[in-house]
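Asker: Be aware that the sequence shown starts at 112, since it is given in this note's numbering, and climbs by one per residue. Don't be surprised by glycine CBs; every beta carbon is placed ideally from N, CA and C. This one's a predicted model, so the numbers in the text were calculated from it and none came from an experiment.
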Amino acid sequence: MAGGVFRLTHGLSVERTSEMLGVCYYPEQWAEARWADDARRMADMGLAYVRIAEFAWARMEPREGEYEWGWLDRAIETLAGAGLKIVLGTPTATPPYWLIAKYPEILPVGIDGRQRGFGSRRHVSFSSAVYRREARRIVDAMATRYGSHPGVAGWQTDNEYGCHDTARSYGDLDREAFQVWLAERYGSIEALNEAWGNVFWSMEYPDFGAVGLPNATVTEPNPSHALDFARFASDMVVEFNRAQTEILRRKSPGRFITHNFMQRTLTFDHFRLAEDLDFASWDSYPLGKLEVIFDDDRDAELKRTYARVGHPDGPAFHHDLYRAMGNGRFWVMEQQPGPVNWAPWNPAPVSGAVRLWTWEALAHGADVVSYFRWRQPPFAQEQMHTGLHRPDDSPDFGAEEAMRVAEELKSLALEPTAPAPVALFFDYQTAWTYEVQPQGRDFDYFRLCFDWYSAVRRLGIDVDIVGSGHDLADYPVVLVPSLAMAEDAVWQRLGRRTKTTLYGPRTGSKTLNMGIPETLPPGPLAETLPLRVLQVESLRPGVAHTLRIGNRTGSASRWAERLETDLDADIRFDDGTPALVRKGQQRYLACWPDDETLVDIMTDLMRDAGLEPALLPDGLRLRRRGSITFAFNRNSQAMEVPAPAGARFVVGGRTIPNGGVAAWRDE
Ligand code: GAL
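#1: Taking its Cβ as the centre, do 16 or more other Cβ atoms sit within 10 Å of residue 74, making it buried, or is it exposed?
#2: Starting from residue 482, follow its DSSP beta bridges and name the residues at the other end.
#3: Measuring from the CB of residue 394, is there a heavy atom of ligand 1 at a distance below 7 Å?
#4: How would you call residue 208, buried or exposed, if buried means at least 16 neighbouring beta carbons within 10 angstroms?
#5: With a threshold of 7 Å, establish whether the CB of residue 453 neighbours any heavy atom of ligand 1.
#6: Tell me which residues share the same chain as residue 210 and place their Cβ nearer than 7 Å to its Cβ, disregarding the 5 neighbours each side in the sequence.
#7: Hey, is residue 496 close to ligand 1, as in C-beta under 7 Å from one of its heavy atoms?
#8: Could you tell me which uninterrupted beta strand (DSSP E) segments, each at least 3 residues in length, are contained entirely in the region 250-292, listed from first to last along the chain?
#9: Okay, do the region 662-670 and the region 701-718 touch, 3+ Cβ pairs below 8 Å being the bar?
#10: Assuming residue 635 contacts residue 644 under a Cβ cut-off of 8 Å, what Cβ separation, rounded to an integer in Å, is found between them?
#11: Under 8 Å by Cβ, that's how I've got residue 498 and residue 515 pegged, so tell me the actual separation to the nearest angstrom.
#12: Please name the residue in 182, 698 and 531 whose C-alpha comes closest to that of residue 169.
#13: Please return the same chain residues whose Cβ sits closer than 7 Å to the Cβ of residue 112, not counting the five positions on each side in sequence.
#14: Might you give, ordered along the chain, the residues of its own chain that have their beta carbon closer than 6 Å to the beta carbon of residue 367, omitting 5 neighbours on each side?
#15: Please say whether residue 372 and residue 393 have beta carbons closer to each other than 8 Å?
#16: At what residue ranges does the region 370-430 contain a whole run of the beta strand (DSSP E), taking only runs of 3 or more?
#17: Under three-state DSSP, which class holds residue 334?
#18: Determine the extent of the beta strand (DSSP E) in which residue 681 is found, giving its start and end residues.
#19: Please go through the same chain and pick out, in chain order, the residues whose beta-carbon is closer than 8 Å to the beta-carbon of residue 131, but skip the five residues on each side of it.
#20: Is residue 547 helix, strand or coil by DSSP?
#21: Specify the secondary structure class of residue 523 as computed by DSSP and reduced to three states.
#22: DSSP beta-bridge partners for residue 665?
#23: Figure out for me which residue from 700, 696, 681 and 413 has the closest Cα to the Cα of residue 671.
#24: For residue 329, count neighbouring C-beta atoms within 10 Å of its own C-beta (all shown protein chains included) and say buried if the count is 16 or more, exposed if not.
#25: Is it the case that the Cβ atoms of residue 224 and residue 326 are separated by a distance below 8 Å?
#26: Under three-state DSSP, which class holds residue 780?
#27: If you reduce the DSSP assignment to three classes, tell me which class residue 755 lands in.
#28: Please state whether DSSP places residue 646 in a helix, a strand or coil.
#29: From what residue to what residue does the alpha helix (DSSP H) around residue 556 run?
#30: How many angstroms separate the CA atom of residue 761 from the CA atom of residue 354?
#31: Among 200, 693 and 319, which one has its Cα closest to the Cα of residue 715?
#32: Please determine, among 569, 777 and 720, the residue with the shortest C-alpha to C-alpha distance to residue 728.
#33: Which whole-angstrom value is the C-beta distance of residue 381 and residue 431, which I expect to be below 8 Å?
#34: To which residues of the same chain is residue 500 closer than 8 Å at the C-beta, ignoring the five residues directly before and after it?
#35: Nearer than 7 Å: is that true of the beta carbon of residue 493 relative to any heavy atom of ligand 1?
#36: Looking at residue 586: is its Cβ nearer than 8 Å to the Cβ of residue 698?
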């Protein structure tokens, strides 16, 4: 996929359903005598893919320049010999001790200014030229040895870029790389001073060498400075990854290249990084992430309700996001199999949840779902993290559910997923903008997008997530929860839409330099929707505006804007000022409404676009893949699924328990 505008083509052929499951395996962590039996049992379970090696640098190159491939040769032979297809991970998330001892400057520095040490993982800065050289060297060596091995199906670069908050590093070499990046972007220090508004507080710099990192200031740094640092850090991750993909393309022809992204990780532009991949993968931990994603004061009830099965839209949002980065393809590279070890609390999934998560990924278009991990290790950091097998090798509860899916897949051919009727626009630069300048503590861009997404999913309608490079013309509905700033071409593409489009608060609120637009927000969007935002306010929990929607009321919390406009208003604040305005099929929402009001707004929008929204009971969700409709129940009660009378069920039946799945074919 090259840059620029591309269309979602959404797969081309019927998937081979016998090859849709996989597992993560660490041969270096187990006695070699066990490998053959492990491999045979993987194949017997119905697993087709096995990902290995992504943390094994110290065993591949125990001393600088001394490679020991023998063990990996034998592991690959053993796994491939059992009929498994291998995904090789490049080991650059875990440089060995000798490398750190020799080049300590590659260690990352935290936002607190302290250098991080050896003894876990991701102990590197992405901007280190030395580390890039070392990474290229080990990737080259691996690709030279295994690039054409018939057992190797593809590659995973590194592991979870940005994990443990490591996309941004604040050391001396990061500062120097940032200065170079700024010089390229602005050309002269005068241009930088002008763009950032450094006349304020006498912040003008004499030259690029004087510009520091935005972590060491007394109070908040200039937001333009902080946003540029976020852009720079993102570019460093993209470049680091590209250094690997260039080698792999050359030395391992015909093999796919992917990367395993994470949930709710916003510190680099995943769309840009994915341009260098064949498709995106992501790591799905629905229970662990329920604890860490929903950290708003208001989420306690939600976390109790879904503690053992995960949020009904949590994995779904990420399936749809990562599918957007691979032209309709994606993998789940790591699937939670049972309790994990890293969240504040680590409950056991309700019986059936591992099966539900697997089917849900497939329903959203996944090519492969790969479980993390084959066996729970009795040692080190993840000894309390379950796998498909317990440390004594007995099958854990998750294994039974994985085997059940493997069995069910045998009799079901999955077709490609089709484009959804609704596109939700997701933008990393906007996420950085509001991270730098939230203006209200709980103005969280991810949460805003998630709330909009969730409202549509509650209506039983499928959603594609799109980025600024996607073609939006054919979508009956486009949702832009917020777009702080964009290149002209993006505004023009949005402006050409005549079909239903909804823009959310703070859209067009910033220039690319992170200033206020000369004409006031919504900046370039005013050409489509003639209005001016005269005032904005953020609201602490418990303070809200009443909204008047026809003859019912709702509320707006977190954020509200006072608009000046002659446009018709479908919703007004209590004082009569407009909260939702429209011109033709283009609308602007000037607040963050409560969930039910958002569902009402989406219902109207979907109806206007000729879709058929139907509110689902709490915890029930639908998703279509080809001619099959899937239903997933996270409600604590058994639920009847909304299948038409006489529907032919291919998975489950009309009534499904909590953690249950049903699927039927549209006749
Ligand atoms: C992922 C990571 C794995 C493992 C797993 C545990 O974030 O990629 O290596 O740590 O979490 O849940």
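Answerer: Taking the coordinates as given:
#1: Since the first residue shown for the chain is 112 and the last is 778, residue 74 is missing from the structure and cannot be characterised.
#2: 134 and 446
#3: yes
#4: exposed
#5: yes
#6: 245
#7: yes
#8: 263-267
#9: yes
#10: That pair is no contact at about 13 Å.
#11: That belief does not hold up - the Cβ atoms of residue 498 and residue 515 are roughly 17 Å apart, past 8 Å.
#12: 182
#13: Reliability fails at residue 112, whose pLDDT of 31 lies under 50, so the model's placement of it is uncertain and the value that follows must be treated cautiously. Taken in chain order, the residues that qualify are 386 and 438.
#14: 265 and 389
#15: yes
#16: 391-395
#17: helix
#18: 679-684
#19: 159, 473, 477, 478, 479, 480, 520 and 525
#20: helix
#21: coil
#22: 658
#23: 700
#24: exposed
#25: yes
#26: In the structure displayed, the chain extends from 112 to 778; residue 780 sits before or after that span and is not available.
#27: coil
#28: strand
#29: 556-568
#30: 45 Å
#31: 693
#32: 569
#33: Actually they do not touch by this definition, with Cβ atoms about 13 Å apart.
#34: 485, 486, 487, 506, 507 and 510
#35: yes
#36: no
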